[in-house]
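Chemist: Listed in order, the protein sequences are those of chains A and B.
Under UniProt numbering, the very last position in the first sequence is 462; numbers go up by exactly one each time.
Under UniProt numbering, the very last position in the second sequence is 462; numbers go up by exactly one each time.
Structure provided below as structure tokens; questions to follow.
There are 2 protein chains.
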Amino acid sequence: MAYFDAASGAPLHPVARQALTASLDEGWADPARLHREGRRARMLLDAAREAAAETVGCRADELVFTSSGTAAVHSGIAGALAGRRRAGRHLIVSSVEHSSVLHAAEVHRAGGGSVTEVAVERTGSVDPSAFAGELRPDTALACLQSANHEVGTVQPVARVAEACRAAGVPLLVDAAQSLGWGPVEGDWSLLTASAHKWGGPPGAGLLVVRKGTRFAPQGPRDERESGRAAGFENLPAIVAAAASLRAVRAEAAGEAVRLRELTERIRARVPGLVPDVEVVGDQERRLPGIVTFSCLYVDGETLLHELDRAGFSVSSGSSCTSSTLTPSHVLRAMGVLSEGNIRVSLPPGTREEDVERFLSVLPEAVAGVREKLGAPVSSSPAPAREEDETLVVDALGRRCPIPVIELAKAIGHVPVGATIRVLSDDEAARLDIPAWCEMRNQQYLGEEPTPTGTAYLIRRTT
Amino acid sequence: MAYFDAASGAPLHPVARQALTASLDEGWADPARLHREGRRARMLLDAAREAAAETVGCRADELVFTSSGTAAVHSGIAGALAGRRRAGRHLIVSSVEHSSVLHAAEVHRAGGGSVTEVAVERTGSVDPSAFAGELRPDTALACLQSANHEVGTVQPVARVAEACRAAGVPLLVDAAQSLGWGPVEGDWSLLTASAHKWGGPPGAGLLVVRKGTRFAPQGPRDERESGRAAGFENLPAIVAAAASLRAVRAEAAGEAVRLRELTERIRARVPGLVPDVEVVGDQERRLPGIVTFSCLYVDGETLLHELDRAGFSVSSGSSCTSSTLTPSHVLRAMGVLSEGNIRVSLPPGTREEDVERFLSVLPEAVAGVREKLGAPVSSSPAPAREEDETLVVDALGRRCPIPVIELAKAIGHVPVGATIRVLSDDEAARLDIPAWCEMRNQQYLGEEPTPTGTAYLIRRTT
Chain A
1 MAYFDAASGA
11 PLHPVARQAL
21 TASLDEGWAD
31 PARLHREGRR
41 ARMLLDAARE
51 AAAETVGCRA
61 DELVFTSSGT
71 AAVHSGIAGA
81 LAGRRRAGRH
91 LIVSSVEHSS
101 VLHAAEVHRA
111 GGGSVTEVAV
121 ERTGSVDPSA
131 FAGELRPDTA
141 LACLQSANHE
151 VGTVQPVARV
161 AEACRAAGVP
171 LLVDAAQSLG
181 WGPVEGDWSL
191 LTASAHKWGG
201 PPGAGLLVVR
211 KGTRFAPQGP
221 RDERESGRAA
231 GFENLPAIVA
241 AAASLRAVRA
251 EAAGEAVRLR
261 ELTERIRARV
271 PGLVPDVEVV
281 GDQERRLPGI
291 VTFSCLYVDG
301 ETLLHELDRA
311 GFSVSSGSSC
321 TSSTLTPSHV
331 LRAMGVLSEG
341 NIRVSLPPGT
351 REEDVERFLS
361 VLPEAVAGVR
371 EKLGAPVSSS
381 PAPAREEDET
391 LVVDALGRRC
401 PIPVIELAKA
411 IGHVPVGATI
421 RVLSDDEAAR
431 LDIPAWCEMR
441 NQQYLGEEPT
451 PTGTAYLIRR
461 TT
Chain B
1 MAYFDAASGA
11 PLHPVARQAL
21 TASLDEGWAD
31 PARLHREGRR
41 ARMLLDAARE
51 AAAETVGCRA
61 DELVFTSSGT
71 AAVHSGIAGA
81 LAGRRRAGRH
91 LIVSSVEHSS
101 VLHAAEVHRA
111 GGGSVTEVAV
121 ERTGSVDPSA
131 FAGELRPDTA
141 LACLQSANHE
151 VGTVQPVARV
161 AEACRAAGVP
171 LLVDAAQSLG
181 WGPVEGDWSL
191 LTASAHKWGG
201 PPGAGLLVVR
211 KGTRFAPQGP
221 RDERESGRAA
231 GFENLPAIVA
241 AAASLRAVRA
251 EAAGEAVRLR
261 ELTERIRARV
271 PGLVPDVEVV
281 GDQERRLPGI
291 VTFSCLYVDG
301 ETLLHELDRA
311 GFSVSSGSSC
321 TSSTLTPSHV
331 LRAMGVLSEG
341 NIRVSLPPGT
351 REEDVERFLS
361 VLPEAVAGVR
371 EKLGAPVSSS
381 PAPAREEDET
391 LVVDALGRRC
401 PIPVIELAKA
411 IGHVPVGATI
421 RVLSDDEAAR
431 LDIPAWCEMR
441 NQQYLGEEPT
451 PTGTAYLIRR
461 TT
């Protein structure tokens, strides 16, 4: 059994567990009370805040504990936007932010604010100049993750922070994926994080608001945590979060080297082991533990189950694994293949032999799924039959990866220069057909609406 | 050492502790994921929901877990108001609700909604007919706690729920203080609660929305918990909350009888042991473990510290113990004395000998504080000196309980029928001077603004 889904939530670090159980006895009382149990709780809370602030690299009075990373993001964005109301109502986010950021942006837009989503390169990274180019006099806030949660790409936070600072715009950094690895570089104004991502307990997040940053907490007022996080403090989780962040950081340098080598193995070897695979994300500027790839002609959910049966827990951004049946917004923003998508995120302590075993079972798992789906076996198109000058592939009502499989089968039946129209009503086709063309060196001509869905036009070029 | 502040937060029930530590190992993964760790987490979450729903008396799909009782209240009120937007924007709350309810009402008012605060009787109870009388065609929501957190008074929820149901208005019941003792009676529509109040862990609350209740979640959207509680589920806390609620309920009947007898002792004996005390709250319709009283001529904070030194942890609604230096809004709404206020809230398992010891140390603790403050020793006014027909007592700049102490000393120096003007800029005086008049059978004439504060007018009648 190997758990390779640390980016969703890491198993509890032993220090977190120890701190949590210890503070169940010492830290259950209300830290706002004056009696000894309350004072003891207050001391634990203060100490946790000092420790977390030191690890983050901020002042203790700049940091509050929230009930989750999502709560930190929601409170941070709403408070920063309200605090800068006089400057304007323009919000900048990257298109690959965590859904909590994008959903907060939706609320802002629904309330009459304007939102710019900065596009990313095919690696998942924003271009700092492009990001800076969106800064306007009425920009109230900009948001950029420190690193992407689905593909591991590290963002150029320091350069974006510099541009924001020069424009007088606060930058909020969602550091959920990276804080365990090290402090966030650059001159940011707000920072959010989530303890369970670094091996801390669930139920604790961080919100840091640098002194001098205008901030007006939204929602019903509450005296706790400087009015920035309502509700009774979850002290055992807070104590465990602070303690485990320190512990994880102490081990970070060594683990980073080790995990980076392991993910590099996957990055380098998967394309050779499995035909028709696209490894996505930045090869250099990336988190140590995450590697993501997509397999043509594969149904992500089935592949997840096959790997689960083989003892590997991974996650996927394929549409079939989401409740909304749309591919991950990150893969979509990057313009990469989403079908058969697998994210491997290694927790600290991952053993080399588990990674090797993963590499040994992956090819068969992918092949098995492809066989079941009737995917084309060879990756080079069959010789063209001259008689078929154009072809319509009707994949209406068929879900990912069937439309791409049908396209791949059909391409061999038309001559070079001919056009194929793939009819599909599956959301994933919009991303995966162009991605397939890119991988196969075929020409993607564009899409046209039809009464029953969309027609995707492809010209055979090789 | 005796902890008598269970209403702020109870020590962890052994079952909560056990369930929490067990689920740290089993329930750290993301229940939205498809791998085995995710499925295991999902099973734990579903089982906890079933168990909690059964104990609350609702369907599992009506109940979501929130990060705290406060989060449940905020989400519940905002969602219910938005869901009933078409009916109107009128909200009814009692004046003794928990601050989380009142602060949510403030936000509603600030956003253009209207709010009616229903007054309470001197016992702290709403009058069901008065509550029902506030229901209007544009009333979107009504809120009533099941029992008061500061004085223990049980509210007539079933009768209010009946009136609300007849008017087609949903009733939200904040059951934070009572859910451990039993299900909430009556035909309510929404219910909120907080696990750490019943001996569960911090970091978990409940929000129940009955089927058929219009509800539109507010804030950034999130797929977890039916969109009603954003952020990664705190599964260990949730499992512990559900398990401990069951355990606490199993012990509730026996503990209720025992604690009620112990608090009844305090209610009955304190007025005999300590002169000039007002025991507040309803004598019959009250929670088993809470008893609250106020001591004239006493500084609440000093009394808390004296009791703390004697080994008793209690809380206080006196102004000097709040960061805002205003007396508890509950005591204010009841119109009772707030100075020297002490709330004793006994956790399950409280030993009889601890209560007896409390009763034995209380008189000396109160006497000590009074002596330090120079409070009047006798409770009957000194014979009047005929020469003083009117008297001005200047207590400007003096904090509770000094204005009342000065008034009590001065009353002996004026003849029956004469008037005293007490000048004070302390918020507590507004509540405590009329309350003192009521306790002493003196006539309170009212207040007048002055350039430096307020003048309170009292006529000596005995």
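A virtual CB, placed ideally from N, CA and C, is assigned to each residue, including glycine.
1) Which residues in chain A sit within 8 angstroms of residue 308/B, going by Cβ to Cβ distance?
2) Sorted by chain position, which residues of the same chain lie with C-beta nearer than 7 angstroms to residue 262/B's C-beta, five sequence neighbours on each side aside?
3) Please report the distance separating the alpha-carbon of residue 257/B from that of residue 265/B.
4) Interface residues of chain A around residue 219/B at Cβ under 7 angstroms?
5) Taking residue 223/A as the reference, which of 70/B, 425/B, 210/B has the closest Cα?
6) On the criterion of 16 or more Cβ atoms from any shown chain inside 10 Å, does residue 334/B qualify as buried, or is it exposed?
7) Could you tell me how far apart the beta carbons of residue 294/A and residue 328/A are, in whole angstroms, since I believe they sit closer than 8 angstroms?
8) Using the beta-carbon of each residue, which ones in chain A are nearer than 9 angstroms to residue 17/B?
9) Are residue 472/B and residue 300/B touching if we call contact CB-CB under 7 angstroms?
10) Residue 341/A bridges to which residues according to DSSP?
11) Are residue 76/A and residue 172/A closer than 7 angstroms when you measure CB to CB?
12) For residue 314/A, which residues in chain B fall below 8 angstroms Cβ to Cβ?
13) Would you call the region 305 to 315 of chain B and the region 132 to 145 of chain B in contact, with 3 or more CB pairs under 8 angstroms?
14) Since residue 5/A meets chain B, which of its residues come closer than 9 angstroms, beta carbon to beta carbon?
15) Does residue 234/A come within less than 7 angstroms of chain B when only Cβ atoms are used?
16) Could you list which residues in chain A have their beta carbon closer than 8 angstroms to that of residue 301/B, in chain order?
17) Residue 404/B by DSSP, collapsed to three states: which one?
18) Quick check: the Cα distance between residue 1/B and residue 251/B, rounded to an integer number of angstroms?
19) If you compare alpha carbons, which of 286/B, 170/B, 83/B is closest to residue 228/B?
20) In chain order, what residues of the same chain lie with their CB nearer than 7 angstroms to the CB of residue 395/B, ignoring the 5 residues before and after it?
21) Could you give the DSSP three-state label for residue 452/A: helix, strand or coil?
22) In terms of residues, what are the limits of the beta strand (DSSP E) holding residue 169/A?
23) Any Cβ of chain A within less than 7 angstroms of the Cβ of residue 67/B?
24) Looking at the secondary structure, which residues open and close the beta strand (DSSP E) in which residue 177/A lies?
25) Using only CA atoms, which one of 181/A, 34/A, 441/A, 96/A lies nearest to residue 254/A?
26) Buried or exposed, going by whether 16 or more other CB atoms sit within 10 Å of the CB of residue 399/B?
27) Counting C-beta neighbours from all protein chains within 10 Å, is the total for residue 371/A 16 or more, i.e. buried, or is it exposed?
28) Counting beta carbon pairs with one atom in the region 98 to 108 of chain B and one in the region 232 to 248 of chain B, are three or more of them shorter than 8 angstroms?
29) Cβ of residue 113/B less than 7 angstroms from any chain A Cβ?
30) Which stretch, first to last residue, makes up the beta strand (DSSP E) that contains residue 67/A?
31) Please report the straight-line C-alpha distance between residue 40/B and residue 270/A, rounded to a whole angstrom.
32) Quick check: is the beta carbon of residue 230/B nearer than 7 angstroms to any beta carbon in chain A?
33) Output the boundary residues of the alpha helix (DSSP H) element that contains residue 61/A.
34) Under a three-way DSSP split, which group does residue 124/B fall into?
35) Can you give the beta carbon distance from residue 304/B to residue 35/A, rounded, assuming they're within the 8 angstroms contact cut?
36) Leaving out the 5 sequence neighbours to the left and right, which residues in its chain are closer than 8 angstroms to residue 213/B when beta-carbon positions are compared?
Modeler: Judging by the given coordinates:
1) Those within 8 angstroms of residue 308/B in chain A are 34, 35, 36.
2) Cβ within range, chain order: 346, 350, 352, 355.
3) When only Cα atoms are considered, residue 257/B and residue 265/B end up about 13 angstroms apart.
4) Chain A residues near residue 219/B: 74, 107.
5) Measuring from the Cα of residue 223/A, the nearest candidate turns out to be 70/B.
6) In the assembly as shown, residue 334/B is a buried residue. Its beta-carbon has 16 or more other beta-carbons within 10 Å.
7) That belief does not hold up - the Cβ atoms of residue 294/A and residue 328/A are roughly 10 angstroms apart, past 8 angstroms.
8) Within chain A, the residues near residue 17/B are 21, 24, 25.
9) Past the boundaries of the shown model lies residue 472/B; chain B is included only from 1 to 462, so the question cannot be answered.
10) DSSP lists 294/A as partners of residue 341/A.
11) Closer than 7 angstroms, so yes.
12) Correct list: 35.
13) As far as the Cβ criterion goes, the region 305 to 315 of chain B does not touch the region 132 to 145 of chain B, which means the pair count is below three.
14) Against residue 5/A, the close residues of chain B are 29, 30, 33, 35, 37, 38, in the order they occur along the chain (beta-carbon pairs closer than 9 angstroms).
15) With its beta carbon less than 7 angstroms from one in chain B, residue 234/A belongs to the interface.
16) Within 8 angstroms Cβ-Cβ: 34.
17) Reduced to three states, the DSSP call for residue 404/B is helix.
18) Our two residues, residue 1/B and residue 251/B, have alpha carbons roughly 23 angstroms apart in a direct line.
19) Out of 286/B, 170/B, 83/B, 83/B has the C-alpha closest to the C-alpha of residue 228/B.
20) Correct list, in chain order: 402, 403, 406, 422, 423, 424.
21) Residue 452/A falls in the coil class under three-state DSSP.
22) Under the DSSP assignment, residue 169/A falls outside any beta strand (DSSP E); it carries neither an H nor an E label.
23) Chain A contact via Cβ: present.
24) Run containing residue 177/A: none; DSSP gives neither H nor E here.
25) Ranked by Cα distance from residue 254/A, the first of 181/A, 34/A, 441/A, 96/A is 181/A.
26) By the 10 Å Cβ count, residue 399/B comes out buried.
27) Classification of residue 371/A: exposed, given that the 10 Å Cβ count is below 16.
28) The region 232 to 248 of chain B is not in contact with the region 98 to 108 of chain B.
29) Output row for residue 113/B: interface = no.
30) Note, residue 67/A: premise wrong, no beta strand (DSSP E); not H, not E.
31) Going from the Cα of residue 40/B to the Cα of residue 270/A covers about 29 angstroms.
32) Yes, residue 230/B counts as interfacial toward chain A.
33) That residue, residue 61/A, is in no alpha helix (DSSP H); it is neither H nor E in DSSP.
34) Here residue 124/B carries a coil assignment [DSSP, helix/strand/coil].
35) Yes, they are in contact, since the Cβ atoms of residue 304/B and residue 35/A sit about 7 angstroms apart, within 8 angstroms.
36) Leaving aside the five residues that flank residue 213/B on each side, the residues in its chain whose CB is nearer than 8 angstroms to its CB run, in chain order, 80, 83, 170, 189, 190.
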